[in-house]
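Visitor: Per the UniProt record's numbering, residue 1 is the first one in the sequence shown, and the count goes up by one each step.
Even for Gly, the Cβ is constructed at its ideal location relative to N, Cα and C.
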Amino acid sequence: MIRKSNSTVTVNHRLLLKNLATFSRFLDPETRIMAVVKSDGYGHGAVEIAQTLDAKVQAFAVNAIQEGIELRENGIAKPILVFEVPQQKMVSQYRVHNLTATISSREHFEWVPNGTSYHLNFDTGMGRLGFLPSQAEEIAQMVREYSELFCTGIYSHFATAHEPGFPLVSEQHDIFRKIQSHFPEELTAHIANTGGTAFYDTSRFNMVRLGIGLYGYAPGDITIEGLAPILRWHSFIAQTKRIKAGASVSYGAEWQAPADGYLGILPVGYEDGLKRGLSGRQFGVHIGGNTYKVVGTITMNYCMVYLGQDYYEPGTEVELLYKGNDAYEWARKLDTIPYEILTGIDKQIPREHLQYG
Ligand SMILES: *Cc1c(COP(=O)(O)O)cnc(C)c1O
């Protein structure tokens, strides 16, 4: 993979462990934790995140099977659940790498080869993958018939647990409880994501799946006490130049300098995940302890910062995503959620992992 040198993402593993520990107040000591590290660990680096969490969680989850293989090739030995629908070309790899498949439709029993372990996925209200609750009886029968496959768990997914107070969460919970009664008690059962774990009193069953919370964010607008973002993104000034009052900057010439001053050009653009939609949104970056506005349209590989009377040497560090301008702040300006910001930072940008940061 091409490695960019225009910026760096740093990931704080001390805070990662602190975030994990924050969830213990919501869990019985015997509740197991599955750490969700899909999309390269929400953009943080799945392998390194998993290596740090390996001794503290009981399982991992990824979306694509290739992500599971990458974890195995890097020494992760804990159970790994793959969320995606089994893909024809890859089905033999579940057994080869001891990955747990997801079976969410009848035909999948035929698709995966004998010897494959799997969890069943039920759609209790998410409206995405999964069997319907009414199929529970029939699927329990299929589990018995396909005795050369190994069913080790059942799960479902909440649609509205990102904030407290949604009745759909307890409805889904109760439906899942009924589904569970059709299956052997020893099967691992899990439904709660970060929000379900932090905001609802529903049963945790015997496992929870934590994603966004581990990375230090709450899933919606309600904060979870004790969490701290673990990712920081920084770049540098590529060039500093004088700009005259009234001179325009970038495509569309939509911004003009209010006074003679300096303009900083940063080598980061929308291709890197600095979303073009942040243009003209009072989006600030941090340079030498001060905040400066990104001005003009953000381009593919560059954006510009108006420095006023302040001069900085080329090479000066610029913080793009940091405490005070974190993914919540970005998401608000872009009308999206921190998940999309974090996973949108180009994976070619190097991740620097700080164990004691
Ligand atoms: C992404 C995902 C999770 C984790 O959700 P968070 O809100 O990040 O905790 C759990 N389960 C499934 C099926 C998912 O797709």
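1) Please confirm whether Asn121 and Thr102 have their CB atoms less than 8 Å apart.
2) Any chance the CB of Asn193 is under 7 Å from a heavy atom of ligand 1?
3) For Ala245, which residues of its own chain have a beta-carbon under 6 Å away from its beta-carbon, when the five flanking residues on both sides are left out?
4) Comparing alpha-carbon positions, which option in Ser279, Leu81 and Arg242 lies nearest Ala189?
5) Output yes or no for whether 8 Å exceeds the beta carbon distance between Ser203 and His173.
6) Which residues mark the beginning and the end of the beta strand (DSSP E) in which Ala96 is found?
7) Tell me whether Pro219, by its Cβ, gets closer than 7 Å to a heavy atom of ligand 1.
8) Report the three-state DSSP secondary structure of Glu352 (helix, strand or coil).
9) Under 7 Å: does the beta carbon of Arg209 sit that close to some heavy atom of ligand 1?
10) Taking residue 413 as part of the beta strand (DSSP E), name the residues at either end of that continuous run.
11) Using the C-alpha atoms, what's the distance from Val96 back to Glu145?
12) Would you call the CB atoms of Gly127 and Leu99 closer than 8 Å?
13) Can a CB atom of chain C be found closer than 8 Å to the CB of Arg332?
14) I'd like the list of long-range same chain contacts for Glu352, defined as Cβ closer than 6 Å, with 5 residues on each side in sequence excluded.
15) Hey, would you say the C-beta of Val169 is under 7 Å away from at least one heavy atom of ligand 1?
16) Quick check on the burial criterion: 16 or more other C-beta atoms within 10 angstroms. Buried or exposed for Lys241?
17) Between Lys333 and the rest of its own chain, which residues show a CB-CB distance below 7 Å, the 5 nearest in sequence each way excluded?
18) Helix or strand or just coil, what does DSSP make of Arg25?
19) Given a cut-off of 8 Å on the beta-carbon distance, is the pair Gly211 and Thr194 in contact?
20) Quick one: which unbroken beta strand (DSSP E) runs of 3-plus residues sit fully inside the stretch 75-156? Chain order, please.
21) Consult DSSP for Lys18 and reduce its assignment to one of helix, strand or coil.
Guide: To lay it out plainly:
1) yes
2) yes
3) Ala257, Ala259 and Asp260
4) Leu81
5) yes
6) The residue you asked about is not Ala; residue 96 is Val in the sequence shown. That residue, Val96, is in no beta strand (DSSP E); its alpha helix (DSSP H) goes Gln93 to Val96.
7) yes
8) strand
9) yes
10) With the chain covering 1 to 357 only, the question about residue 413 has no answer from this structure.
11) 23 Å
12) no
13) The structure shown contains no chain C, having only a single protein chain.
14) Thr8 and Thr10
15) no
16) exposed
17) Leu278, Arg281 and Phe283
18) helix
19) yes
20) 80-82, 101-103, 117-121 and 150-155
21) helix
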